[in-house]
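A.B. asks:
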Amino acid sequence: MKNQKVTFLTQAAMIAAIYVVLTVVFAPFGFGEVQVRIAESLTILPFFTPAAIPGLFIGCLIGNILGGAIIPDIIFGSLATLIAACFTYALRKKSPFLAPLPPIIANTLVVPFVLAYGYGVPLPIPFMMLTVGLGEIISCGVLGMIVLKALSKYEYIIFKNNKMIS
């Protein structure tokens with residue numbers, strides 16, 4: 047039991063760290079009204095493990111802070127990632143093709159309002175939904191599915207019953 051808790055925390059911490067690094071390294075095109083956040087490709091990880099839920103949330107929170115985001119973006123952007131991770135985990139037994147949908151939908155609905163009301167971006171919200179949504183399709187739908195396919199090949203090595211083998 048203690049080993050499972052350590053494994054869960056280790057997984058969550060590793061996912062958070064990778065999310066932060068990807069967010070900071072690719073920050074020039076991961077923020078703004080037209081954004082492709084490479085770290086969002088990790089949002090398919092709840093498909094494999096529940097540890098990805100806190101890992102993605104904490105990673106997004108820290109990534110937003112280090113990326114210079116304002117308080118509403120830090121709060122609501124991170125909450126969008128948390129909600130998306132929970133829904134991705136809930137859909138894990140349905141189809142792997144559903145894994146990128148929750149983060150695409152959550153961020154498409156939340157981020158444009160943060161951009162408009164937090165940052166004062168003067169573009170119409172529906173237009174920003176389109177631009178943010180397209181960025182999410184690229185990062186979650188395309189890159190995320192590549193990550194999912196790659197991890198699926200090695201799932202028996204990396205994960206066992208939604209727990210990382212130590």
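Going by the numbering used here, the first residue of the sequence shown is number 47, and it counts up by one from there. C-beta: ideal position from N, C-alpha, C; glycine also.
For Leu176, tell me which candidate among Tyr165, Leu161 and Gly190 has the shortest Cα-Cα distance.
C.D. replies: Leu161
A.B. asks: Is there contact between the segment 91-111 and the segment 64-77, where contact requires at least three CB pairs shorter than 8 Å?
C.D. replies: yes
A.B. asks: For the alpha helix (DSSP H) containing Ser198, name the first residue and the last one.
C.D. replies: Gly190 to Lys199
A.B. asks: Spatial neighbours of Phe159 within its chain, please: C-beta separation below 8 Å, excluding the five flanking residues on both sides.
C.D. replies: Phe122 and Ile171
A.B. asks: Between which two residues does the alpha helix (DSSP H) holding Ser124 run?
C.D. replies: Ser124 to Ala136
A.B. asks: Are at least three pairs of beta-carbons, each pair with one atom in the segment 111-126 and one in the segment 149-156, less than 8 Å apart?
C.D. replies: yes
A.B. asks: Give the single residue among Pro168, Gly109 and Gln57 whose Cα lies nearest to the Cα of Phe94.
C.D. replies: Gln57
A.B. asks: Would you call Ser141 buried or exposed, if buried means 16 or more other Cβ atoms sit within 10 Å of its Cβ?
C.D. replies: Exposed.
A.B. asks: Kindly indicate the opening and closing residues of the alpha helix (DSSP H) around Gly76.
C.D. replies: Under the DSSP assignment, Gly76 falls outside any alpha helix (DSSP H); it carries neither an H nor an E label.
A.B. asks: Taking the alpha-carbon positions, what's the Pro118 to Phe75 distance?
C.D. replies: 19 Å
A.B. asks: Alpha carbon to alpha carbon, how far is Ser198 from Thr134? Give it in angstroms, no decimals.
C.D. replies: Within the model, the alpha-carbon separation for Thr134 versus Ser198 is close to 16 Å.
A.B. asks: Which residues in the same chain as Arg83 place their Cβ atom closer than 6 Å to its Cβ, once the five residues preceding and following it in sequence are excluded?
C.D. replies: The residues are Gly76 and Ser185.
A.B. asks: Just mark Val188 as buried or exposed, buried being the case when its beta carbon has 16 or more other beta carbons within 10 Å.
C.D. replies: Exposed, because fewer than 16 other Cβ atoms sit within 10 Å of the Cβ of Val188.
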